[in-house]
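Please read the structure below before turning to the comments.
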Amino acid sequence: MPYTFTKSSELFQRAQRSIAAGVNSGIRKMEAPVPLYFTRGEGPNLWDADGNHYLDFQLGQGALFYGHAPAGMADAIAAQARLGTHWAAQCELEIDVAERLQAMIPSAELVRFSNSATEVVLTAFRLARAHTGRKLILRFEGHYHGWADEGLVGFANPADKWGDDENPARLHPSKGVIPEVLDQFVMARWNDVAHLRRRVDEYRGQIAAIIFEPVLCNTCCLEPVPGLMSTIRELCDRDGMLMISDETITGFRFGASCAQGYYGYRPDLTVLGKAVGGGTPFAALAGTKAAMAKILSGEVIHAGTLNGNPLCLAASKWSLDQVQALGAAHPAGIQQLGTRLMDGLVQLARKHAVPLHPQGPGLIFHAVMLKPGAVEGPIRDYRDYVRRHDAPRWAHLRRCLLEEGVRAIERGLWSISLAHRASDIDEALVRSARAFARHAAEWKPAA
Ligand SMILES: Cc1ncc(COP(=O)(O)O)c(C=O)c1O
779 MPYTFTKSSE
789 LFQRAQRSIA
799 AGVNSGIRKM
809 EAPVPLYFTR
819 GEGPNLWDAD
829 GNHYLDFQLG
839 QGALFYGHAP
849 AGMADAIAAQ
859 ARLGTHWAAQ
869 CELEIDVAER
879 LQAMIPSAEL
889 VRFSNSATEV
899 VLTAFRLARA
909 HTGRKLILRF
919 EGHYHGWADE
929 GLVGFANPAD
939 KWGDDENPAR
949 LHPSKGVIPE
959 VLDQFVMARW
969 NDVAHLRRRV
979 DEYRGQIAAI
989 IFEPVLCNTC
999 CLEPVPGLMS
1009 TIRELCDRDG
1019 MLMISDETIT
1029 GFRFGASCAQ
1039 GYYGYRPDLT
1049 VLGKAVGGGT
1059 PFAALAGTKA
1069 AMAKILSGEV
1079 IHAGTLNGNP
1089 LCLAASKWSL
1099 DQVQALGAAH
1109 PAGIQQLGTR
1119 LMDGLVQLAR
1129 KHAVPLHPQG
1139 PGLIFHAVML
1149 KPGAVEGPIR
1159 DYRDYVRRHD
1169 APRWAHLRRC
1179 LLEEGVRAIE
1189 RGLWSISLAH
1199 RASDIDEALV
1209 RSARAFARHA
1219 AEWKPAA
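All residue numbers for the sequence shown refer to our numbering, where the first residue is 779 and numbers rise by one.
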């Protein structure tokens, strides 16, 4: 029987009387039929307040790269909690974590810790502007860099307002943002090298940095086309701009040296979040000595009461040790599992004539649902995705999957954790088979 969510529905009703809109991050309202309330997690398994069991590929929006509640991490946090939960001062643990990052990521000559990747992005922008004396940041349509004013520009441009292909509009999805925020950005389309060159040339001498998600995980899991990373590096070197790799999602998933090691490029600054803290509020800015110079000189301020919190550091040290211990076996292990899952979903889609086309490198991928009549073939950029992806139909399939105990990120992203085993993938596919059958029988496009 498909799951029901009575207890979660009751809790959500209650929450709305004390928590604004009932959730503490806007995106959590997307979960249908109701935002779920969880009681326990273990490895790839998750249980909600109704006692429903899920195989989890949502993984705390990707942060739980080591699975739910790994015993070693829980022990490390508990041991630290008995010594102190917060000092707002130095402790050896922070050097332990910094040294691990240095050893794992060649461009991480120096690091600084924060509580969220949103904050780290803001620090990176501040550094880039101080470093170059320039105002503009070049960013790509559909890339998400946190929820602050500066992080969201051009993330979710609606098709009727996004401007022509050559000059994408600078739009903000939130009210309450002053228009001057938009003036700080130059927009470009992802995965079009010639277009990028034209955008940089048009603003030559005014751009402080180029920021990007190396794999566009927040829109359709779009890998960079060959030559894109080397072009960004070349343009940054040519014009004295900083290359900022936002590895909040890709960090440690793509190997100990992150996506920059996997795709072979060396950024000036790297944003690390999610997996670096294994599900604790921890994030890091890593960079070359040259790019971090203005923090060393004190000209750029980076601060925070909870920065380098010892509980988070204990979790991070444990997490990074797991990645390092895998050595060369990572990311091949999760890659294999992810490919097995993608292949299984493709077979189910064919069997039930569902136009689902998972796209991505396997260890993380996006469930693209093609609109009726849309051409097949890999999606290339944000506009292509909006034009071809059938969001309502995916939402229906996602709900069927959830009701059978398979949980992916609401907008379609799936990721594999170090806790998943082949048997979990196979079980997820058995459950998915029921979900596809129901979806195929029940789906009716809106008239
Ligand atoms: C690529 C990217 N950058 C930055 C952020 C912001 O991270 P946080 O929510 O930890 O502030 C996210 C969050 O999903 C992200 O995916």
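Don't be surprised by glycine CBs; every beta carbon is placed ideally from N, CA and C.
Helix, strand or coil at residue 1026 according to DSSP, with G and I counted as helix: coil
Residue 903 versus residue 915 - alpha carbon distance: 8 Å
Distance cut-off 8 Å: residue 1027 Cβ against heavy atoms of ligand 1: yes
Beta strand (DSSP E) runs wholly inside the segment 1119-1157, at least 3 long, in chain order: 1134-1137 and 1142-1147
Reference residue 1025; option with closest CA among 1186, 1033 and 1037: 1037
Closer than 8 Å: residue 751 CB and nearest ligand 1 heavy atom: Outside the shown range of the chain, which is 779 to 1225, sits residue 751, and nothing can be said about it.
Continuous alpha helix (DSSP H) stretch holding residue 827: start and end: Taken as a continuous stretch (DSSP letters only), residue 827 belongs to no alpha helix (DSSP H), as it is neither H nor E.
The alpha helix (DSSP H) enclosing residue 882, as first and last residue numbers: 870-882
Integer-rounded CB distance, given that residue 826 should sit under 8 Å from residue 814: 5 Å
Any 3 or more C-beta pairs closer than 8 Å across the segment 1087-1096 and the segment 1171-1182: no
Status (buried if at least 16 other CB within 10 Å, exposed otherwise) for residue 768: The displayed coordinates of the chain run from 779 to 1225. Any statement about residue 768 would go beyond what the structure contains.
Span separating the alpha-carbon of residue 785 from that of residue 830: 11 Å
C-beta contact flag for residue 844 and residue 1100 at 9 Å: yes
C-beta neighbour in chain D for residue 1062, strict 9 Å: Protein chains in the displayed structure number just one, and chain D is not present.
C-beta contact flag for residue 890 and residue 1120 at 9 Å: no
Cβ contact check for the segment 943-953 and the segment 869-878: 3 or more pairs under 8 Å: no
Residue 1190, buried or exposed, once every other Cβ within 10 Å from all chains shown has been counted against 16: buried
Chain-order list of residues whose beta-carbon lies under 6 Å from that of residue 934 (same chain, five-residue window excluded): 951
beta-carbon residue 925 near ligand 1 non-hydrogen atom, thresh 8 Å: yes
Closest by C-alpha distance to residue 918, when choosing among 906, 931, 852 and 908: 931
The segment 968-978 contacting the segment 897-911, beta-carbon criterion three pairs below 8 Å: no
Near ligand 1: residue 1113 beta-carbon under 8 Å from a heavy atom: no
DSSP-derived helix/strand/coil call for residue 950: coil
Rounded separation between residue 995 and residue 1064 - CA only: 20 Å
Reduced DSSP category for residue 1195 - H, G, I as helix; E, B as strand; rest coil: coil
Identity of the residues DSSP links to residue 898 by a beta bridge: Paired residues: none, contrary to the question.
Per DSSP, the bridge partner or partners of residue 922: DSSP lists no partner for residue 922.
Cβ pair residue 1248, residue 998 closer than 9 Å: Nothing about residue 1248 can be read from this structure; the chain reaches only from 779 to 1225.
Cβ neighbour criterion (16 or more within 10 Å) applied to residue 1115: buried
Residue 921 CB to nearest heavy atom of ligand 1 below 8 Å: yes
Span separating the alpha-carbon of residue 816 from that of residue 849: 18 Å
Which listed residue (862, 1159, 1183 and 1224) has its alpha carbon closest to that of residue 943: 1159
Beta bridge counterpart(s) of residue 1065 as assigned by DSSP: 888 and 1047
Limits of the unbroken beta strand (DSSP E) element including residue 817: 816-820
Per-residue DSSP class, three states only, for residue 986: strand
Per-residue burial, residue 798 [other beta carbons within 10 Å of its own, 16 or more giving buried]: exposed
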